[in-house]
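To start, the structure itself, in structure tokens.
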Amino acid sequence: MAAAIGAPIVFGDRLPAGVVPLALSGGQDPRPLAGKRGLRVLNDRPINAETPAHLLDDDVTPAARLFVRNNGHPPALADIDVAKWTLEVGGECVREARTFSLAELKERFASHTYQLTIECAGNGRSEFSPPATGHQWTTGAVGCPRWTGVRLRDVLEECGVRDDAVYVGYYGADTHLSGDPGKDPISRGVPMQKALEDETLLAFAMNGEDLPLLNGHPLRLVCGGWPASTSGKWLQKIVVRDRVHDGAKMTGKAYRVPERPVAPGSKVPDEDMRIIEAMPVKSLVTFPKSGATLETGAEHEVRGHAWVGDGRIDAVHVSVDFGSTWQVAAVEPPPNRLAWQRWRARIRLPKDGYYEVWARATDDQGRSQPMVVPGWNPKGYLNNACHRIAVLAQS
Amino acid sequence: MRQYPWSLATMLLAASCGGAAGSELEVATADEVVADAPMDDGGFGDLVTAPGSELVVQHCIACHGPRQFLQQRGSRDTWRGLIRWMQRDHGMPQLDEAVEDRIVDYLAAHYAPEDAGRRRALAPDLMPPNPYAPGLGAGSTGR
Chain H
1 MAAAIGAPIV FGDRLPAGVV PLALSGGQDP RPLAGKRGLR VLNDRPINAE TPAHLLDDDV
61 TPAARLFVRN NGHPPALADI DVAKWTLEVG GECVREARTF SLAELKERFA SHTYQLTIEC
121 AGNGRSEFSP PATGHQWTTG AVGCPRWTGV RLRDVLEECG VRDDAVYVGY YGADTHLSGD
181 PGKDPISRGV PMQKALEDET LLAFAMNGED LPLLNGHPLR LVCGGWPAST SGKWLQKIVV
241 RDRVHDGAKM TGKAYRVPER PVAPGSKVPD EDMRIIEAMP VKSLVTFPKS GATLETGAEH
301 EVRGHAWVGD GRIDAVHVSV DFGSTWQVAA VEPPPNRLAW QRWRARIRLP KDGYYEVWAR
361 ATDDQGRSQP MVVPGWNPKG YLNNACHRIA VLAQS
Chain L
1 MRQYPWSLAT MLLAASCGGA AGSELEVATA DEVVADAPMD DGGFGDLVTA PGSELVVQHC
61 IACHGPRQFL QQRGSRDTWR GLIRWMQRDH GMPQLDEAVE DRIVDYLAAH YAPEDAGRRR
121 ALAPDLMPPN PYAPGLGAGS TGR
């Protein structure tokens, strides 16, 4: 190996077994995207992949189409013994620390199923200028599967929560990229109010089947509408804190934006950054596929989804003339709170040529999507600029 | 511009995936076949071979894959800042000062930011055929 590149790879012993460094590729699993189809791989170590917009057309996102976002390495499937999997509940503000087996969780608490949108806070990062560091997501780090699990609230109530509880934090079985077992790749969480919502689940199933390994099998937190990083995967421990949780990726600049707007390229001190909570209003055009050729003058359906962190979508508008005129799309109600909403419109392209279809959603507080990239921030979060697809009209 | 042989990675992965006939990875409709190649380059291209790239290979791919930085752009400050961040939070060892300078110089030279304004044109892979594509005769459909 060393001969091949002329020098040893520093810390080459950190490379997972089976990885061929010169290939500059590979991972812990020879099929790193097992169970996924059509995703674009942003990084193979750790594995990160997003879904092209036209493959997100389903009302309920299939497991094969849900994006993959990792800060560390997922546990290997062979190392997960579902029968022995436990969830520990602890922290300063739990009256009685408890450990539940997965079977106990399912038996002791009522199961609930909700369709919940999860979106990476960095979805759209690739559009910021000056560029932000981190994975350069375009539009595909979002999805809305149907999750089944028990309410975090029910489990916390069983353990007892002190009145001074502020935040819930999670710990999972994923491992740090350095291989250091003393480091957590990520340990984030949500304030108590979000933790205690009906829809905040300890989920063990997606779309009626076990969670996919890459999406947190066998147990994960799901906090719909908030940065997906709050929905901890491969969940092993929940802590109820008397302060804002201070686990990995909770502090510094991670998953934070400036507390006031800043000019592009600004250097913002950590103390002026605030934690991202609900995600902003956003939409996707999932049909037709960008790049399609459509018949000039004919009527064509365009459709997609719209969502907003904690609220509801009131309207979606569509333009085929670069924002000069807008038409109203039909918007369906969500199947439940925190699920994305289907929108549809019929368009006509009046003469041959190049068109872009722009979609712009507006939420129940009157907030809508900007046409250009919104406020720059050091880590490139929360880009909810309108989605655009391009089509050719041909007679 | 010479580049590292990524095709080797593709070949190795193709070999390791080859036995998985009938797996999810094999199930793809015709329009997905290209996007479904699990180890395409993600659109980020190959590591540019130039002075300093040998140090990047040596020091920067033990913990994470090269796409972690191939997809990013940054000034010398940005790249050095990332090294400091990895050293502070993620267990990266100190580098010899001259080595670090050469790595930072290499990354800033070959992965430099460009001003993209407030909104770029759509990516080439999202574009329809262009009847007026440069280099094509009048009346061509572009594909």
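The listed protein sequences correspond, in order, to chains H and L.
Under our numbering, think of the first position of the first sequence as 1, with each following residue one higher.
Under our numbering, think of the first position of the second sequence as 1, with each following residue one higher.
Ideal Cβ positions, reconstructed from N, Cα and C, are used throughout, including at glycine.
A quick note: this is a predicted structure, and the numbers were derived from the prediction, not measured.
query, result
"Residue of H:R69, H:G366, H:C159, H:D59 minimising C-alpha distance to V316 (chain H)", "H:G366"
"Within-7 angstroms CB hit, P130 (chain H) to chain L", "yes"
"Within-7 angstroms CB hit, A116 (chain L) to chain H", "yes"
"Contact set between the region 99-112 of chain L and chain H, restricted to residues whose Cβ is under 8 angstroms from the partner", "none"
"According to DSSP, residues forming a beta bridge with S368 (chain H)", "H:T362"
"Reference R69 (chain H); option with closest CA among H:N384, H:K183, H:L33", "H:L33"
"Residue of L:V104, L:G135, L:P129 minimising C-alpha distance to L55 (chain L)", "L:V104"
"Three-state secondary structure (DSSP) of W234 (chain H)", "coil"
"Chain L contacts from the region 283-300 of chain H (Cβ-Cβ distance under 7 angstroms)", "S290, G291, A292, T293"
"Which of helix, strand or coil DSSP assigns to D44 (chain H)", "strand"
"Anticipated Cβ contact below 8 angstroms, V168 (chain H) with M192 (chain H), distance rounded", "7 angstroms"
"Closest by C-alpha distance to Q68 (chain L), when choosing among L:R88, L:L95, L:G91, L:G42", "L:G42"
"Close Cβ partners of T230 (chain H) (< 7 angstroms) along its chain, the five nearest in sequence each way excluded", "R188, G189, V190, C223"
"Helix, strand or coil at I275 (chain H) according to DSSP, with G and I counted as helix", "strand"
"V328 (chain H) classed as buried or exposed, judged by whether at least 16 other C-beta atoms fall within 10 angstroms", "exposed"
"In chain order, each alpha helix (DSSP H) run of at least 4 residues that lies wholly inside the region 151-175 of chain H", "152-159"
"Range covered by the beta strand (DSSP E) that runs through F396 (chain H)", "Since the first residue of chain H shown is 1 and the last is 395, residue 396 (chain H) is not available in this structure."
"Residues that DSSP places opposite V281 (chain H) in a beta bridge", "The partner list for V281 (chain H) (beta bridge, DSSP) is empty, contrary to what the question assumes."
"Secondary structure of Q193 (chain H), DSSP reduced to three states", "helix"
"Neighbour flag for A390 (chain H) against chain L, beta carbons, 7 angstroms", "yes"
"CB contact check: S422 (chain H) to chain L, cutoff 7 angstroms", "Any question about residue 422 (chain H) goes unanswered here, given that chain H covers just 1 to 395."
"Straight-line gap, T293 (chain H) to P129 (chain L) (C-alpha atoms, nearest Å)", "8 angstroms"
"Where L56 (chain H) meets chain L, residues with beta-carbon distance less than 7 angstroms", "By Cβ distance, chain L contributes nothing, its closest Cβ being about 13 angstroms from L56 (chain H), past 7 angstroms."
"Interface flag, Q369 (chain H) vs chain C, CB-CB below 7 angstroms", "No chain C is part of this structure, whose protein chains are labelled H and L."
"Nearest-angstrom beta carbon gap, T296 (chain H) and S395 (chain H) [assumed within contact, 8 angstroms]", "5 angstroms"
"Residues that DSSP places opposite E405 (chain H) in a beta bridge", "Nothing can be reported for residue 405 (chain H), as the shown portion of chain H is limited to 1 through 395."
"Helix, strand or coil at S111 (chain H) [DSSP, three-state]", "strand"
"Within-7 angstroms CB hit, L219 (chain H) to chain L", "no"
"Limits of the unbroken beta strand (DSSP E) element including H110 (chain L)", "No beta strand (DSSP E) contains H110 (chain L), which is instead part of the alpha helix (DSSP H) from 97-110."
"Inter-residue spacing [alpha-carbon to alpha-carbon] between Y114 (chain H) and L152 (chain H)", "14 angstroms"
"Cβ separation of L479 (chain H) and L102 (chain H), assumed to be a contact under 8 angstroms, to the nearest whole Å", "Residue 479 (chain H) is absent from the structure shown; chain H starts at 1 and stops at 395."
"Neighbouring residues, chain L, relative to E271 (chain H) (Cβ below 9 angstroms)", "Residues of chain L passing the Cβ test: none, with the nearest at roughly 17 angstroms."
"Segment contact, 8 angstroms Cβ cut-off, at least three pairs: the region 376-391 of chain H with the region 130-150 of chain H", "yes"
"Whole-angstrom distance between W137 (chain H) and W147 (chain H), CA atom to CA atom", "24 angstroms"
"Supposed close pair Q341 (chain H), P334 (chain H) - CB separation, criterion 8 angstroms", "5 angstroms"
"Option in H:R388, H:S290, H:A385 with minimal Cα separation from M127 (chain L)", "H:S290"
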